[in-house]
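Protein chains in written order, with my numbering: chain U, 50 to 465; chain Y, 50 to 465.
Single-structure report; data block below.
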């Protein structure tokens with residue numbers, strides 16, 4: 050099978066339609082992205098974006114909450130998406146034949162949510178409960194704090210919000226925010242699976258041509274310049290360890306060196322963190338590192354969950370392994386990491402849902418969509434030499450560390 | 050696209066090969082199932098199956114642990130599967146071209162694991178850590194207890210094991226258990242994606258024809274006859290509520306009435322539990338019901354996570370909704386539930402990994418694989434009348450309830 054080709058069309062109001070018809074699929078998936086995320090929500094209203102996203106499905110256009118749920122269920126729509134740091138996505142998937150009526154509903158959800166008086170407090174209460182449930186989810190709580198300390202500006206916010214932000218929220222805040230931030234400039238409608246691109250564009254013109262406006266501009270993510278260590282004392286059985294440090298954005302030349310090096314650390318079964326931290330030393334139940342991306346900003350998050358007794362050694366070994374990438378990686382490690390990345394790329398692309406989400410993210414971060422062939426070629430160009438050259442100039446260091454559990458740790462020279 | 054057809058071949062030793070070549074796929078997935086699960090592990094060694102499954106990847110045949118990890122990574126294998134109640138699966142996926150060498154490795158892993166002296170204790174320690182991490186995962190801990198009280202025999206065991214079982218484990222136990230339970234009679238090799246069935250059968254003959262033996266027979270799952278309420282007092286922020294009650298096994302005529310009725314409760318956005326418990330009353334952050342299957346036994350698990358203050362009302366409303374199915378469901382609800390089930394079936398089948406796993410489960414539970422067309426027709430035959438007739442004779446009741454959190458609850462007449 051040859052890789053499908055992405056088609057793009059931009060409406061005069063700034064909404065971009067990107068689509069990838071996938072031969073042989075019976076399902077269609079979409080992701081309607083509006084650049085309204087936690088990072089651009091009004092100060093003092095942290096959590097608003099999550100409440101707004103959820104409330105948008107509680108009645109829209111001509112349908113009340115119950116009618117809208119039933120209409121989506123009548124089309125077999127599996128709802129996806131959610132609030133994120135930089136944007137909110139209104140996603141879904143269903144059989145290809147039902148795509149046009151499903152898009153009609155989603156245009157209502159994004160443009161004309163009723164945001165009903167009678168239901169908004171229940172939605173806010175759900176958000177407060179979700180926030181409270183962090184207390185029973187130590188790893189998630191640690192990651193919320195890690196992002197909060199790693200970014201010095203609003204990109205450190207979690208979509209889960211804060212108790213103060215959620216409690217001061219009003220329905221007027223939600224309605225005003227929707228009016229300000231849910232605008233077509235910079236919005237993206239991504240489609241993948243069984244559909245006809247030209248027909249989708251015609252439908253999008255009908256649904257969105259009279260939508261107008263520009264949302265407020267987001268700032269740029271600002272990571273800490275001096276690394277931080279923060280400990281959350283909590284009486285848990287396991288010690289949670291999180292590490293954040295600089296990565297390479299999608300827009301920079303050495304992005305793929307960074308991605309392959311991350312896979313050497315944490316890709317396959319023989320990856321360094323797995324063998325060095327988990328298997329060789331039996332230190333942890335879970336250990337990983339991953340490459341994350343915001344627009345114009347790459348960063349890595351590493352994680353280990355272990356017993357309090359083994360936590361100091363685990364942190365030391367983990368930071369040591371993260372730093373040791375600068376000493377080079379073997380060609381065999383690079384080849385294995387590349388095969389694993391390309392193999393998992395092919396598998397992800399089997400799913401129209403994951404492809405629609407990936408298309409939307411690419412369009413948002415790069416202003417265009419990378420084809421699978423382009424990614425494959427870029428990955429294949431990486432060698433142990435190009436990785437060594439990059440990391441010699443940019444050794445991983447300045448690790449920001451958050452721990453949660455019974456034991457405060459010492460962050461060694463690797464980190465600070 | 051027409052639905053692919055499953056092909057089946059059984060070796061003289063009892064290993065069944067079932068495969069579904071999927072046109073247009075570039076990936077292949079497999080699931081090698083051996084009927085050795087937590088329910089048949091030796092008494093007093095609870096947790097053995099999980100340790101054995103993990104240790105099987107730590108060197109097999111001619112390769113030590115490191116060499117085996119590297120060999121799998123060289124083929125881009127994404128490892129899947131794991132220990133389960135009734136069986137263990139050794140699963141994976143990779144690009145189609147790499148399937149034959151990957152199957153060679155998996156035959157070693159299942160038939161000739163080294164179970165090395167130097168590594169087994171680290172593997173056991175990981176299992177002990179996983180068990181300890183339940184203390185930080187209240188919902189998972191509740192579900193482990195719910196299955197334990199719902200089944201009166203070993204089918205209530207969790208694969209996570211017990212501290213006593215894991216601590217009394219020896220390497221000899223693991224080796225003896227592998228010799229006794231990892232046998233071809235009843236084992237299944239399921240394949241889906243890009244491959245040639247005849248070639249796969251020829252390879253399987255080479256790899257498995259000289260494998261011999263029959264594992265010990267498993268008992269039959271025995272649910273409680275008198276419902277139980279069990280409370281785990283724990284100082285958590287949220288209250289966890291779990292409910293177990295009888296379902297309809299895959300082998301019985303009214304299985305699809307049961308499945309559609311469960312989807313009416315917990316399928317789409319407008320499903321009863323979602324609207325009645327979550328949205329209308331704002332009681333819970335999360336609520337769901339699902340249909341589960343063991344061989345010859347169907348059962349339902351329902352879940353709600355809520356605040357301690359709202360937990361009694363949540364339990365009352367939840368049990369009320371589960372019981373109310375017996376009063377009938379509307380034709381509109383049935384139609385929506387069916388569309389949702391069929392739509393999500395099509396989406397699941399996009400993935401060769403999920404198809405390989407589904408094929409293996411069907412072959413284990415039914416002795417044959419249901420085609421998508423067969424499931425579609427069976428779902429389409431369900432009506433509100435057939436559901437009403439079934440539930441009039443078999444009203445949902447005798448709810449076994451486990452709660453975890455600060456508050457012990459009262460289980461009303463719906464339940465006991």
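Idealized CB from N, CA, C, for every residue including glycine.
- The beta carbon of residue 398 (chain Y) sits closer than 7 Å to those of 404, 421, all from its chain and outside the five residues before and after it, given in chain order.
- Three or more beta-carbon pairs drawn from the stretch 294-303 of chain U and the stretch 338-352 of chain U are found closer than 8 Å, and the two stretches are therefore classed as touching.
- As the crow flies, the alpha-carbon of residue 344 (chain U) is around 29 Å from that of residue 173 (chain U).
- Within chain U, no C-beta atom comes less than 9 Å from the C-beta of residue 66 (chain Y); the nearest is roughly 22 Å away.
- Assignment of alpha helix (DSSP H) within the stretch 363-436 of chain U, counting only whole runs of 4 or more residues, yields 380-397, 401-415, 421-430 in chain order.
- With the criterion set as a beta carbon lying under 9 Å from some beta carbon of chain U, the members of the stretch 390-405 of chain Y are 390, 391, 392, 393, 395, 396, 398, 399, 400, 401, 402, in sequence order.
- Bridge pairing for residue 348 (chain U): U:295, U:341 [DSSP].
- In the DSSP assignment, residue 139 (chain Y) falls within the beta strand (DSSP E) that extends over 137-144.
- Between the stretch 59-79 of chain U and the stretch 234-247 of chain U, the count of Cβ pairs shorter than 8 Å is three or higher; the stretches touch.
- DSSP places residue 290 (chain Y) within a strand segment (E or B) once states are collapsed to three.
- When the alpha-carbon of residue 127 (chain Y) is set against those of Y:135, Y:106, Y:112, the nearest one is in Y:106.
- Closest in C-alpha terms to residue 185 (chain Y), from the list Y:258, Y:459, Y:124, Y:286, comes Y:286.
- The criterion of a C-beta distance shorter than 8 Å is satisfied by residue 66 (chain Y) and residue 249 (chain Y).
- The Cβ neighbour count for residue 93 (chain U), taken over all protein chains shown within 10 Å, is under 16; the residue is labelled exposed.
- A straight line joining the alpha-carbon of residue 433 (chain Y) with that of residue 380 (chain Y) spans about 5 Å.
- Counted as a single uninterrupted DSSP element, the alpha helix (DSSP H) harbouring residue 103 (chain U) occupies residues 97-105.
- A check of alpha carbon separations from residue 116 (chain Y) across U:410, U:454, U:400, U:385 identifies U:385 as the nearest.
- Contact annotation: the stretch 157-176 of chain U touches the stretch 212-221 of chain U, with at least three C-beta pairs closer than 8 Å.
- Within its own chain, the residues whose Cβ lies closer than 6 Å to the Cβ of residue 74 (chain U), once the five positions on either side in sequence are excluded, are 242, 243, 401, listed in chain order.
- Under the Cβ distance rule, residue 144 (chain Y) counts among the residues neighbouring chain U, one pair being separated by less than 8 Å.
- The criterion of a C-beta distance shorter than 8 Å is satisfied by residue 449 (chain Y) and residue 273 (chain Y).
- Interface residue (Cβ-Cβ distance to chain Y less than 8 Å): residue 287 (chain U) is classified as such.
- When DSSP states are grouped into helix, strand and coil, residue 256 (chain U) belongs to the helix group.
- Counting of Cβ neighbours within 10 angstroms places residue 178 (chain U) among the buried residues, the total reaching 16 or more.
- Spatial neighbours of residue 415 (chain Y) in its own chain (CB-CB distance under 7 Å, excluding positions within 5 residues in sequence) are listed in chain order as 299, 300.
- Contact check for residue 227 (chain U) against residue 101 (chain U) passes: the beta carbons are separated by less than 8 Å.
- Taking 8 Å as the cut-off, the Cβ atoms of residue 366 (chain Y) and residue 325 (chain Y) count as close.
- Leaving aside the five residues that flank residue 391 (chain Y) on each side, the residues in its chain whose CB is nearer than 7 Å to its CB run, in chain order, 425, 428.
- Sorting Y:133, Y:192, Y:90, Y:156 by C-alpha distance to the C-alpha of residue 266 (chain Y) places Y:90 at the top.
- Taking a beta-carbon distance threshold of 8 Å, residue 311 (chain Y) does not count as an interface residue toward chain U.
- Collapsing the DSSP output to three states places residue 207 (chain U) in coil.
- With its beta carbon less than 8 Å from one in chain Y, residue 175 (chain U) belongs to the interface.
- As the crow flies, the alpha-carbon of residue 233 (chain U) is around 38 Å from that of residue 277 (chain U).
- Using a Cβ-Cβ cut-off of 7 Å, residue 385 (chain Y) is close to 119, 122, 123 of chain U, given in chain order.
- Taking 9 Å as the Cβ-Cβ cut-off, the stretch 74-106 of chain Y approaches chain U at 74, 75, 76, 78, 106, given in chain order.
- In terms of beta-carbon proximity, residue 457 (chain U) stays away from the interface with chain Y, with every pair separated by 8 Å or more.
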